[in-house]
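Trainee: Got a structure here, written out as structure tokens. Questions coming.
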Amino acid sequence: MKNQAGFTMIEVIVTLVLVGIVALMGGMAIVQVTQGYIFTKDNGELTQKAQLATSRITKEIVEMTGISANATASTLPLKNNIRNVTIGLDAGSIKIAPAGVALSSGDILVDNVNAFTLTYYSKDNAGNWVANTSWSTASDIRNLIAIDISMQLPRSGGGYLTFQNRISPRNNKNQGGTVPTTPPPTAPNYGYGCFVATAAYGAADHPMVLLLRDFRDRYLLTWSGGRWLAKQYYTHGPAAADMIRNRPVAMWAVRCLLAPLAALTFCLVYAPLAIPFLMVISLILTGALFSAGRRGQIKLPILRFMNQRGSVLIGLIGTMVVMGVLGAAMLPIFSASYMNQAFADQGRKTYFLAESGFRYAASQFLNAGTEAAKETALNNLNNKTCNLSGNGGSFTIGVYPYWSKTSSVSGTTLTTVIAGTNPSSTTPAKRNLSSGGYLKIGGAYYSFTNDNGSSGTNVVFTGLSPAMAAVPATPLDVLPVALPASTTTVTNGGSLTLSSTGVGALPLFNGNFTLNGSGAVYSYEKRTGNTLYNITLADSTKTWADFTVTSGAITTAATTKIVLDKYLQISSIGTLGNNSREIIYNVPVGWMAGGGEFQKNNFLDQMTNDASWFNATNQAMGTHTVSGGAMQVSNVINPTSSGSGLLDWLAGLFGWGNNGLWGFIGFNWGNTETNLAQAWHDAGGCLSYDLQVKMNNTLKYFMTGIAFRMRNNSGTAAANTLDLYTYGVSVVRQRESKRQRESWFGGWSWNGFNWRQDDGINPKLRPFNTYNVADGVAYNNANLDIGPEYSCDLLWTCRNAYRYSDPAIVLWQRNGPDVGLGIFKILAYRTITAADGLTTGSGKSLVLKPWVTLMVRLIEGYELPFDTGRVDAAGKHLKYGDTITNGTKSARIIGTPIMTAAWGGNNTTVGAGTLILTNTSSINGFANGDNLYLDGGATAYARASGAQAGGKKNYIMVYYSTTDAMGAANTIQADNNRLANPRYTTQTQAYWPPDDWTERTAANDYFSLIGGTTAAVRWTNRDTTADSQLHSADIVPALSTSDFYQAVIYTDALVSPTWTSASTPANFTPDGVALVTSSSAPNTANTTYYDDFAIQLDMKAGTGFLPPIQQ
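Numbering (my numbering), first residue to last: 242 to 1352.
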């Protein structure tokens, strides 16, 4: 039968059975492929829908300037420069609705939504991120750091896909913050690159690469062995990829090797049942060919291999290669969602390039040290194009300042120079000066009729009135001015309508202004027509006070002048290929000298290392080590015994030789943002700062604290005339010892021994002459602290008895001649009592509580007495940070006014006291009888009741606190009720008393001030006698019912260097700050630890751009 033509019945049946099997398996394979297609198509559609909705929501949040109503976990009513919209979940859809339209009638961003949640992030006082489920209109929008969005969409075949994104608002002036402790959840990431495959196929979005990546995600990463394999691949893959990248022969060879693997992965991912189907087909084809070859019916050379082993495998591989090619061709149909992820939106890339341009401009400003250098940077940045390497695109920057500098004047035509391009109606930044307006030039005000003739970098003002005879040799700032349309009071977040003349000189968004060119800086969100909206303080840490503006002519002194603070617009164009995008950044500028406000610069050292201290070999006196989050004093020494090569300003410690055992470690403020030299320069030659540190000492006697205003005299070490002068604040407890002895015949006795100092503290820094044990007590008195016995000679056994003084807080100084050695002196001390909460135990068992905090507030300035202190209708009066003027005289108030007559109620003029001033503009200062105008206005807020002091002084206040709370916190600083001040762990700023006394609340009552109405909290004793250089210390007079009664100690010793208008920070001679310890022996110092050292001081606001608003 087998030699006859045709099929037998058996062959027909077998063939039908095999065809049936093949059809069944092929059908199942087709079903698998179809299901894979539907699944991928469904995912692609859901991803596309979510992407579109997320992109729109992201755009709205990025550009938001605030919220128009309370935001919830599912609804966000926001506003931007153009309009207000609401985004939220309604009836299973995420919708967006413009103002005035209900959300239910809004446009659908994405429908069929299972869940939609919003999480709002803010910063707490310590700088940490806090997650919130809602955001109130009462909350400061500048504290909104980021918003998380999460949406959940259902799959048609069951289950859900969740899409999440975190968005940082760009236009709400937020200052950013540290990374939140809980990031939004994400899937495990093993990298996006498939290194070898990407190198072989030349593109990360090649279908074969996407196929292999899909196989990795679905199969390898679902079990431990596969994850190990993936990890090994991502460890060694990059090196292998580098071997074949950009080598065509190697790339094609690897492609051929990967083809069978790609075919197999295609089947596993999209049609698992196709694998047995292919195996059966391969067996049938191989068997048929093999049979035909043996019968000689088909004579082909390739059939020779059919008789060899492995022929079935070769056939299978060949079939899989064919199927792999087909699968690769079909893959783009199945993987639309991956393709969407692979190809980035060109618009987004150009946006990021434009952002890079702005950040580049900001960094260039930051690195320019002086006003002239910053204006040079503006000119250099203008019209500059930067190209990114690797054809990564480019950005082009345009600079449009709103202020200029005087250049020349001819009659009533003033020519000024602008550092950049003049913003006009033909530039991306729009400004209209064609109808005239007003200017502030130096300290005077002018009007002008138009800007005809302006071109390039020249801005020309014609019709200037009054006329200028000549421009000063040093160019003056020219700032735009607007006038109020009517006399009105402005509230926090309110609006202000301006006169139409000159209003076009003000930017449309994010402007900062001052009243009459000085004092508090205010910010407005936008200008629509003649009205400024949402007016707030530019510094959100300040306390708002309503202010009244007075309308009138520019020539009338009583008219309030709205002076635009320095401001510019940055145009940044991001370009990638044929696509480009321009973003306009509206940027207030607070970095120029004389521009902007002062602000506090803070530094907190939690002692995790010694990077902020001079602790290298021979840089400190004694030994200090950092471990366990604290700095330990390991050793104290006699300053004559070692220390060659000490820092210049510590070298004078050799003058302290034989004055006790000391440990000094200097604070390296040059490594921090608290730059003492810059602060001295910014304040016109006055240096004020606050210091605090936590201390722990387990001994029963101690001297530990802070030294400040440290500097050397002009002596030399060789002549033994070099000394280190300083102030210090320390907690001190003295100890004396007296020897007892016992004879061989028994019985202890004093035997004529005397009490002697036994604590290592310099005698001039020991405040007490009395102790807890009096002279003449019995050798076994229970109040004595008895030491161990020791042999003192052949006949006697000895032991030491100890007695202790009360503990005290001591304010001390070392001062002396410019050449020669000085002496120590106690300026004041305060006996510590149990009510203070600083100690535990009593008598011989008394020790400091762990981590007691000492704080010093040092204010330097010129004293000015005043009376007739006004409180206006809005409750406003003179306070810390205000600028006072009288004609050409001006000064800034540093520190809170110290009152001898309290501020009265609204519309009263009964306040009197002392102001401390910095930044004085006049050589002679304010004279007796001068009216003091607040913010340069026309209403006097006080009158000088004496002449301004001709020399500056130091004003010192001392505070203390503990890690546990005492009583109920309140608004009284000079008492022992206060909040806990624990060791800091996560917060980035220390707690401080408020700068101005009127800002005290129970919520900021962390410290007790030494002074005040309660005698138990005041200084126990003060020394007002003059030192060897005729410097004396006394108290500033204050109301006996106020916190500052006997609290502020002033002295004219150790003031900061003399300053002139030509001075720079380089003229500042070092003003040292150090941690200082004294102890009786080197091996007892190691009981002293320091932690949470902090400093804060005033510096000119902003060393770069202030937060911008995008257009």
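Cβ coordinates follow ideal geometry from the N, Cα and C atoms, glycine included.
(1) Which of helix, strand or coil does DSSP assign to Trp854?
(2) Where does Asp1332 land, buried or exposed, given buried means 16+ other C-beta within 10 angstroms?
(3) Between Ile776, Thr327, Asn775, which has its C-alpha nearest Val342's C-alpha?
(4) How about Asn753 and Asp806: do their beta carbons lie closer than 8 Å?
(5) Inspect the CB distances between the stretch 976-990 and the stretch 1096-1114 and report whether three or more fall short of 8 Å.
(6) Just to confirm before moving on: does the CB-CB distance between Pro713 and Gln810 stay below 8 Å?
(7) What does His865 pair with, by DSSP beta-bridge criteria?
(8) So the alpha helix (DSSP H) Thr617 belongs to, where does it begin and stop?
(9) May I ask which residues mark the beginning and end of the alpha helix (DSSP H) holding Gln919?
(10) Around the Cβ of Leu196, are there at least 16 other Cβ atoms within 10 angstroms (buried) or fewer (exposed)?
(11) Take Ser875 and list the residues in its own chain whose beta-carbon comes closer than 8 Å to its own, dropping the five residues that flank it on each side.
(12) Within 10 angstroms of the Cβ of Arg324, are there 16 or more other Cβ atoms? Answer buried if so, exposed if not.
(13) Answer with buried or exposed for Gly466, where buried requires no fewer than 16 other C-beta atoms within 10 angstroms of its C-beta.
(14) Please give me, in chain order, every unbroken run of the beta strand (DSSP E) with length at least 3 that falls completely inside the stretch 664-737.
(15) Looking at Phe636 and Ser409, is the spacing between their C-beta atoms short of 8 Å?
(16) In the DSSP assignment, find the beta strand (DSSP E) that holds Gly1057 and state where it starts and stops.
(17) Evaluate Asn1003 with the Cβ neighbour count: other Cβ atoms within 10 Å of its Cβ, from every protein chain shown; 16 or more gives buried, anything less gives exposed.
(18) At the level of alpha carbons, what is the spacing between Asp718 and Thr1204?
(19) Counting beta carbon pairs with one atom in the stretch 345-358 and one in the stretch 389-396, are three or more of them shorter than 8 Å?
(20) May I ask which residues mark the beginning and end of the beta strand (DSSP E) holding Cys1039?
(21) Taking the CB atoms as reference points, tell me whether Ala312 and Trp370 lie closer together than 8 Å.
(22) Pick from Leu940, Ile947, Ala871: whose alpha carbon is nearest that of Gly907?
(23) Which residues in the same chain as Pro1235 place their Cβ atom closer than 6 Å to its Cβ, once the five residues preceding and following it in sequence are excluded?
(24) Rounded to whole angstroms, what is the Cα-Cα separation between Ser929 and Leu1099?
(25) Opposite Phe1309 in the DSSP bridges: which residues?
(26) Going straight from the alpha carbon of Gly988 to that of Gln998, what length do you get?
(27) Only counting the same chain, and skipping five residues up and downstream in sequence, which positions put a Cβ closer than 6 Å to that of Gly745?
(28) Check this for me: beta carbons of Thr967 and Arg1055, under 8 Å apart or not?
(29) Enumerate in chain order the residues of its own chain whose CB-to-CB distance from Gly1201 is below 8 Å, with the five nearest sequence positions on each side excluded.
(30) Just checking, does the stretch 1123-1133 make contact with the stretch 1142-1155 on the three C-beta pairs under 8 Å criterion?
(31) Assess, as a yes-or-no matter, whether the stretch 1105-1124 is touched by the stretch 1138-1150 under the definition of 3 or more beta carbon pairs within less than 8 Å.
(32) Relative to the alpha-carbon of Gly677, which residue among Leu705, Gly683, Ala1115 has its alpha-carbon at the smallest distance?
(33) Can the beta-carbon of Trp1233 be found closer than 8 Å to that of Asp931?
(34) What residue does the beta strand (DSSP E) around Asp1236 start on, and which one ends it?
(35) Counting only the same chain and skipping the five closest in sequence on each side, list residues whose C-beta sits under 6 Å from that of Asn775.
(36) What is the DSSP secondary structure of Gln998, reduced to helix, strand or coil?
Mentor: In this structure, then:
(1) strand
(2) buried
(3) Thr327
(4) yes
(5) no
(6) no
(7) Val874
(8) 612-622
(9) 917-923
(10) Missing from the structure shown is residue 196; the chain here goes from 242 to 1352 and no further.
(11) Gly863, Thr864, His865, Thr866, Ala1326, Asn1327
(12) exposed
(13) exposed
(14) 678-682, 685-689, 699-702, 718-723, 729-731
(15) no
(16) No beta strand (DSSP E) contains Gly1057, which DSSP labels as neither H nor E.
(17) buried
(18) 50 Å
(19) yes
(20) 1037-1045
(21) no
(22) Ile947
(23) Arg1241, Asn1245
(24) 5 Å
(25) DSSP, once it has assigned bridges, lists no residue as partnering Phe1309.
(26) 25 Å
(27) Asn673
(28) yes
(29) First, the residue type needs correcting, since residue 1201 is Tyr and not Gly in the sequence shown. Counting only Cβ-Cβ distances below 8 Å, and skipping sequence neighbours, we find Ile1050, Asp1077, Leu1079, Val1093, Thr1094, Leu1095, Met1096, Phe1248, Ser1249, Ile1251.
(30) no
(31) yes
(32) Leu705
(33) yes
(34) From DSSP, Asp1236 is part of no beta strand (DSSP E); its letter is neither H nor E.
(35) Gly734, Glu766
(36) strand
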